[in-house]
Amino acid sequence: MPLDAPRRLLGTTLVAMSLVASTATTATAATAAAASPAAPSAAPAAAGGAGASVTATALPQATTFTQLSGLPQDTDTFGKLSGVVVHPVRTVAVHAQPGGKPAATLPAKQLGSLTWVPVVEARKGWYRVLLPSKPNHVTGWISAKGLKKARSRYRAIVKLGTRQLTVMKASKKLGTWTVAVGGPQTPTPVGRTFLLALMSPKKKTYSPLILPLGAHSQTLDTFGGGPGTVAFHGWPDRKVFGQAVTHGCVRVPARALKVLAGLPLGTPVLIAP
Numbered sequence: 000m001p002l003d004a005p006r007r008l009l010g011t012t013l014v015a016m017s018l019v020a021s022t023a024t025t026a027t028a029a030t031a032a033a034a035s036p037a038a039p040s041a042a043p044a045a046a047g048g049a050g051a052s053v054t055a056t057a058l059p060q061a062t063t064f065t066q067l068s069g070l071p072q073d074t075d076t077f078g079k080l081s082g083v084v085v086h087p088v089r090t091v092a093v094h095a096q097p098g099g100k101p102a103a104t105l106p107a108k109q110l111g112s113l114t115w116v117p118v119v120e121a122r123k124g125w126y127r128v129l130l131p132s133k134p135n136h137v138t139g140w141i142s143a144k145g146l147k148k149a150r151s152r153y154r155a156i157v158k159l160g161t162r163q164l165t166v167m168k169a170s171k172k173l174g175t176w177t178v179a180v181g182g183p184q185t186p187t188p189v190g191r192t193f194l195l196a197l198m199s200p201k202k203k204t205y206s207p208l209i210l211p212l213g214a215h216s217q218t219l220d221t222f223g224g225g226p227g228t229v230a231f232h233g234w235p236d237r238k239v240f241g242q243a244v245t246h247g248c249v250r251v252p253a254r255a256l257k258v259l260a261g262l263p264l265g266t267p268v269l270i271a272p
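Numbering that gives the first Met the number 0 applies: residue 0 is where the sequence shown begins, and numbers increase by one.
Written out as structure tokens, the structure is:
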């Protein structure tokens with residue numbers, strides 16, 4: 000995961016290591032619950048097709064650690080998402096087409112947080128959702144049966160050209176901040192993605208919170224022992240803001256980090272050129 004730590008910190012930065020080890024301990028139950036959509040409602044039952052729950056299987060899991068194949072890409076990479084997000088209450092099958100052969104599974108939790116993913120398309124009894132795996136913009140169909148459904152009124156927009164982050168609640172702007180983005184050799188990947196998790200490092204590091212996204216570096220296969228996951232996080236030296244100097248992550252000021260940490264998981268994030 001591109002966590003942008005100075006080289007002297009790479010050996011001890013627990014966040015990078017925690018993405019390889021068990022991640023359930025990196026976020027407390029309180030922070031995970033606070034970041035989940037409020038008052039989700041049960042989604043309608045699927046009309047036929049594959050069942051929602053999946054038992055032990057050899058299929059790959061759709062997590063930030065995996066590379067998936069045989070699944071459709073999100074072709075509207077800069078389009079505005081509806082804000083509808085879904086959470087599998089247990090592991091569910093992921094399909095290339097509704098009712099087709101499963102290609103992967105989507106777990107109920109990852110990185111210590113509940114899995115909430117944004118819907119990009121809906122059909123009767125089925126949702127096509129953005130997935131957190133490689134390649135970037137990979138999607139899959141999951142049965143609506145056994146899902147919780149909610150709507151996030153929030154969205155975060157990163158403009159790489161101006162190096163600015165804006166957070167919106169419906170049509171209300173919650174704030175705009177100057178941020179640091181990926182450097183020329185390790186650019187921040189563009190397109191629409193989402194807030195995947197909220198992680199709270201147990202040991203002091205360069206950021207009190209890490210917010211991994213459902214996107215990965217396109218130039219680094221791994222970073223600091225992690226899978227090259229891109230994230231929002233803080234940075235102690237304010238002189239970096241406004242510069243393109245990171246390994247792909249978006250470094251944000253303290254106030255912006257606090258606002259981002261209050262957004263529901265699954266909230267759409269648009270990274271524009």
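Built from N, CA and C at the ideal position, the CB exists for glycine as well. Just so it is clear, the structure is predicted and the values come from calculations on it, not from any experiment.
Judged by DSSP in its simplified three-state form, residue 129 adopts strand.
A residue is called buried once 16 or more other Cβ atoms fall within 10 Å of its Cβ, and residue 87 is buried on that count.
When DSSP states are grouped into helix, strand and coil, residue 89 belongs to the coil group. Leaving aside the five residues that flank residue 153 on each side, the residues in its chain whose CB is nearer than 6 angstroms to its CB run, in chain order, 168, 262, 266.
With contact defined as three or more Cβ pairs closer than 8 angstroms, the segment 171-188 and the segment 111-125 are not in contact. In this structure the segment 90-110 lies against the segment 59-67, because at least three pairs of beta carbons, one per stretch, are closer than 8 angstroms.
Under the three-state reduction of DSSP, residue 262 is assigned to coil, being neither helix nor strand. Scanning 190, 253, 166 for the CA closest to the CA of residue 76 turns up 190.
Secondary structure note for residue 246: it is in no beta strand (DSSP E), with a DSSP letter that is neither H nor E. The residues 159, 160, 189, in chain order, have a CB closer than 7 angstroms to that of residue 272 in the same chain once the five nearest residues on each side in sequence are set aside. Ranked by Cα distance from residue 105, the first of 80, 60, 71, 98 is 60.
Within the same chain, 212, 213, 214, 268 come within 6 angstroms of residue 192 by CB-CB distance, once the 5 residues on both sides are set aside.
Burial of residue 131 is indicated by the presence of at least 16 other C-beta atoms within 10 angstroms of its C-beta.
Contact check for residue 125 against residue 143 passes: the beta carbons are separated by less than 9 angstroms. For residue 101, the CB contacts under 7 angstroms within the same chain, skipping 5 residues up- and downstream, are 49, 58, 92, 93, 94 in chain order. Contact between residue 244 and residue 179 holds, since their C-beta atoms are separated by about 6 angstroms, short of 8 angstroms. Each of 103, 204, 210 was checked against the Cα of residue 155, and the nearest Cα belongs to 210.
Counting only residues of its own chain and dropping the five nearest sequence neighbours on each side, residue 181 has a CB closer than 6 angstroms to the CB of 187, 245, 247. At a Cβ-Cβ threshold of 9 angstroms, residue 240 and residue 165 do not count as neighbours. Taking a C-beta distance under 9 angstroms as the contact criterion, residue 195 and residue 259 do not qualify as a contact pair. Restricting attention to 207, 231, 136, 174, the CA atom closest to the CA of residue 78 is found in 136. With respect to the C-alpha of residue 74, the residue from 251, 134, 235, 172 having the closest C-alpha is 134. In the three-state reduction of the DSSP assignment, residue 191 falls in the strand class, which pools E and B.
Here residue 140 is bridged, per DSSP, to 94, 127. A distance below 7 angstroms between beta-carbons, with the five flanking residues on each side excluded, links residue 122 to the following residues of its chain, in chain order: 97. Of the candidates 85, 236, 255, 255 places its Cα closest to the Cα of residue 172. For residue 150, DSSP records a beta bridge to 83.
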